[in-house]
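Right, one structure below, let's go through it.
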Amino acid sequence: NAGVTQTPKFRVLKTGQSMTLLCAQDMNHEYMYWYRQDPGMGLRLIHYSVGEGTTAKGEVPDGYNVSRLKKQNFLLGLESAAPSQTSVYFCASSYHLSLSTADTQYFGPGTRLTVL
Amino acid sequence: GENVEQHPSTLSVQEGDSAVIKCTYSDSASNYFPWYKQELGKRPQLIIDIRSNVGEKKDQRIAVTLNKTAKHFSLHITETQPEDSAVYFCAASNAAGGGNKLTFGTGTQLKVEL
Chain A
299 NAGVTQTPKF RVLKTGQSMT LLCAQDMNHE YMYWYRQDPG MGLRLIHYSV
349 GEGTTAKGEV PDGYNVSRLK KQNFLLGLES AAPSQTSVYF CASSYHLSLS
399 TADTQYFGPG TRLTVL
Chain B
324 GENVEQHPST LSVQEGDSAV IKCTYSDSAS NYFPWYKQEL GKRPQLIIDI
374 RSNVGEKKDQ RIAVTLNKTA KHFSLHITET QPEDSAVYFC AASNAAGGGN
424 KLTFGTGTQL KVEL
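Chain order of the listed sequences is A and B.
Each residue of the first sequence is one higher than the one before, starting from 299 at the first, in the numbering used here.
Each residue of the second sequence is one higher than the one before, starting from 324 at the first, in the numbering used here.
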């Protein structure tokens, strides 16, 4: 059981380049999330998905797009990278217990992205 | 939306002492409050969580208390050890809002000194 995995681990981009971060989970979780972590600001939710084929905006969605074509994968795209998107990106997943009960979110190892 | 404030931002204790980290939240509908520990360069890992129908929960040296009326919750670590040194994050979630979205505090850097 690998849990939550992320690809790549590190990446350096130039301003204006595009890239896709891949998150995969093998726990059959319904919910998946993308966060960014910046010094002194904790983790902030970018986008999330409550099931295959669905996505929704989080707290800081601008400049990012996501897709969830398969239940086990959640992709985060940067169409035109900017220096402000330099950050550590974490993916997470969780079960859906009920409409009124949250469950533990399990995090991937993170992707360190630098935009020059 | 939800807003979570966390204090202190840094905390230094002597080995064997207790450490307390406090968080407040703004959304009275929030009903799930996890705490994560993050070591340098690693992923956040859940150490304990509490739901709104419980006032206190304990797991060995770690305990969490919740005061729904005051909208604050706290992490208590007793008999601290050097391996407790890390950044700790609190979070809050209102599952009824859809997606079980977590709002995190800004973190507390705990240093346990020998």
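Beta carbons: idealized from backbone N, C-alpha and C, even for Gly.
Closer than 9 Å to chain A by CB, residue i
| i | result |
| --- | --- |
| F427 (chain B) | yes |
| L398 (chain B) | no |
| K365 (chain B) | yes |
| N423 (chain B) | yes |
| G324 (chain B) | yes |
| P357 (chain B) | yes |
| S335 (chain B) | no |
Cβ of residue i within 9 Å of any chain B Cβ
| i | result |
| --- | --- |
| F259 (chain A) | In the structure as shown, chain A begins at 299 and stops at 414. Residue 259 (chain A) is therefore absent and cannot be evaluated. |
| K400 (chain A) | A small fix is needed here, since residue 400 (chain A) is Ala in this sequence, not Lys. Interface residue, yes. |
| G338 (chain A) | yes |
| E350 (chain A) | no |
| Y404 (chain A) | yes |
| Y331 (chain A) | yes |
| S396 (chain A) | yes |
| A354 (chain A) | yes |
Pair within 9 Å by beta-carbon distance, residue i and residue j
| i | j | result |
| --- | --- | --- |
| R309 (chain A) | T412 (chain A) | yes |
| A300 (chain A) | D324 (chain A) | yes |
| H341 (chain B) | H395 (chain B) | Correcting the residue type first, residue 341 (chain B) is Ser in the shown sequence and not His. Cβ atoms of S341 (chain B) and H395 (chain B): not closer than 9 Å. |
| G408 (chain A) | M317 (chain A) | no |
| S332 (chain B) | G430 (chain B) | yes |
| L369 (chain B) | Y355 (chain B) | no |
| Q337 (chain B) | E436 (chain B) | yes |
| S385 (chain A) | R334 (chain A) | yes |
| A400 (chain A) | Y331 (chain A) | no |
| E402 (chain B) | L389 (chain B) | no |
| E278 (chain A) | K355 (chain A) | One cannot answer for residue 278 (chain A) here, as it falls past the ends of chain A, which runs 299 to 414. |
Those residues which DSSP pairs with residue i across a bridge
| i | result |
| --- | --- |
| K345 (chain B) | B:H330, B:S397 |
| A415 (chain B) | B:T426 |
| A400 (chain A) | None, per the DSSP bridge assignment. |
| L411 (chain A) | A:R309, A:S385 |
Check: residue i C-beta below 8 Å from any heavy atom of the ligand SAM
| i | result |
| --- | --- |
| K391 (chain B) | No copy of the ligand SAM appears in this structure; indeed no ligand is present at all. |
Please go through the region 308 to 373 of chain A and give each complete beta strand (DSSP E) segment of 3 or more residues, from N-terminal end onward. 308 to 311, 317 to 323, 329 to 335, 341 to 347, 363 to 365
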